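Visitor: Here it is: the structure, laid out below.
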Amino acid sequence: MATKQHCAYCFAVLQAQLEGASTHGIEAGFDTAAEYPLFVTWTKPGVHGSGGERLRGCIGNFAAMALGSGLREYALTSALRDSRFAPIRRDEMPRLTCAVSLLTDFEEAADYLDWEVGRHGVWIEFRMPGSSRKRTATFLPEIAAEQGWSKEETIDHLLRKGGYELAITKAARESVRLTRYQSSKAHLSYDEFRAMAAADP
């Protein structure tokens, strides 16, 4: 199960990196050898008091990784090398929230509708017509519910996310290979991270 300790470790790793310190040797407080596919997500409050959270980075891996090395790698990759965003700056740290998702229960779906909004994350594989190159895209379990999307709308957004450039038809949706999965997710704000660090003897 994902815990606040996992998130605190990601904060500590990012803080050390931004301050030019070593990211190795940071106390973890969890079983670093346990292996999971995982994602690390960074958010901060919406602009000008608009409410909600604004994504600042989210990257992970579907291959099971040891939590110690996996969280260290993806805490930094999602914060500094998500191509959708500028790298997180040191002065942003106090406004950040970190979320760690540990992925479980992978199942190949019967078709593109064989999953539940709010329960399953979805990972699709597809090919553009006339191309042999396989493309992939995923949304974590909470995304479709947060956006208010139906299953069909979620698949359409996934196809666009994966680079599908043509008109999206029923045949295009039916051509995807879909894997559903679940996740255990924990969140931690920067203030909570500081409080945990201060309480640690």
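Going by my numbering, the sequence shown opens with residue 6, and the numbers climb by one from there.
Where a beta carbon is used, it is the ideal one built from N, C-alpha and C, also for glycine.
Source: prediction; values computed, not measured.
When burial is assigned at 16 or more other CB atoms within 10 Å of the CB, is residue 48 buried or exposed?
Guide: Residue 48 counts as buried, since no fewer than 16 other beta carbons sit within 10 angstroms of its beta carbon.
Visitor: Mind checking which residues open and close the alpha helix (DSSP H) that includes residue 77?
Guide: 72-85
Visitor: Check the Cβ-Cβ distances between residue 202 and every residue of chain B, and say whether any is below 8 Å.
Guide: Checking the listed chains, one finds no chain B in this structure; it contains a single protein chain.
Visitor: Residue 29: buried (16+ other C-beta within 10 angstroms of its C-beta) or exposed?
Guide: It is exposed - the Cβ of residue 29 has fewer than 16 other Cβ atoms within 10 Å.
Visitor: Out of curiosity, what's the CA-to-CA distance linking residue 201 and residue 13?
Guide: 8 Å
Visitor: How many Å lie between residue 63 and residue 101 at the Cα?
Guide: 13 Å
Visitor: Quick check: residue 72 and residue 16, are their CB atoms within less than 8 Å of each other?
Guide: No, these two residues do not count as a Cβ contact at 8 Å.
Visitor: Once the 5 residues before and after residue 8 are set aside, which same chain residues still bring their CB inside 6 Å of it?
Guide: 191
Visitor: Skipping 5 residues on each side, what residues in its chain have a beta carbon closer than 7 Å to that of residue 114?
Guide: 120, 183, 184 and 185
Visitor: Less than 6 Å between C-beta atoms, sequence neighbours within five positions excluded: which residues of the same chain meet that for residue 43?
Guide: 65, 75 and 107
Visitor: Here's the rule: buried if 16 or more other CB atoms are within 10 angstroms of the residue's CB, otherwise exposed. What is residue 20?
Guide: buried
Visitor: In whole angstroms, what separates the C-alpha of residue 146 from that of residue 137?
Guide: 29 Å
Visitor: Specify, as a first and last residue, the run of the alpha helix (DSSP H) that residue 37 falls within.
Guide: Neither: residue 37 is in no alpha helix (DSSP H) and is coded neither H nor E.
Visitor: Output the boundary residues of the beta strand (DSSP E) element that contains residue 112.
Guide: 102-113
Visitor: For a minimum of 3 consecutive residues, which ranges assigned as the beta strand (DSSP E) are wholly contained in the segment 137-165?
Guide: 139-144
Visitor: Decide if residue 172 is buried, meaning its Cβ has at least 16 other Cβ atoms within 10 Å, or exposed.
Guide: Taking all protein chains in view, the Cβ of residue 172 is surrounded by fewer than 16 other Cβ atoms within 10 Å, so the residue is classified as exposed.
Visitor: To the nearest angstrom, how far is it from the Cα of residue 131 to the Cα of residue 68?
Guide: Those two C-alpha atoms are separated by around 19 Å.
Visitor: In whole angstroms, what separates the C-alpha of residue 82 from that of residue 175?
Guide: If you draw a straight line from the Cα of residue 82 to the Cα of residue 175, it comes to about 35 Å.
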